[in-house]
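In the numbering used here, the protein residues as written are 1 to 137. Since the structure comes first, as structure tokens, the remarks are kept for the end.
Structural data, given as structure tokens:
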């Protein structure tokens, strides 16, 4: 053992011989399989009546009160987890909903299976439904 190496395994206060390293447990999912899973998730959302389609979700200004009123108008005030999906990112919508703990906002490019499955209700705009339909076709 060299005296100048303090991190040697044999030195007091030295390193660990077979130390744990961060592991990556992610798996590659084929594109066809991913799209088939997304189609199955959307069909299950429709079957369970958890998918709601609206004309638009835009808010005129950044106000959480307006967001709460909009959710109440849709009948979603008592739902525990709501996912709002629009075709593009609307900053007024995002900033108005980020203070609500049970509401998540996404666009069609950021849509993932976990957020769809974990949401009690998914509210999508007509444009978002068309874009997702083109993507999954």
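Don't be surprised by glycine CBs; every beta carbon is placed ideally from N, CA and C. Since this is a predicted model, take the numbers as computed values, not measurements.
| Check | Outcome |
| --- | --- |
| Bridge partner(s) assigned by DSSP for residue 107 | 86 |
| Residue range of the unbroken beta strand (DSSP E) whose run includes residue 54 | 51-54 |
| Simplified DSSP assignment, three categories, for residue 121 | strand |
| Stretch-stretch touch, CB-based, cutoff 8 Å, three pairs: the stretch 72-85 with the stretch 115-123 | yes |
| Check whether residue 51 and residue 122 have beta carbons under 7 Å apart | yes |
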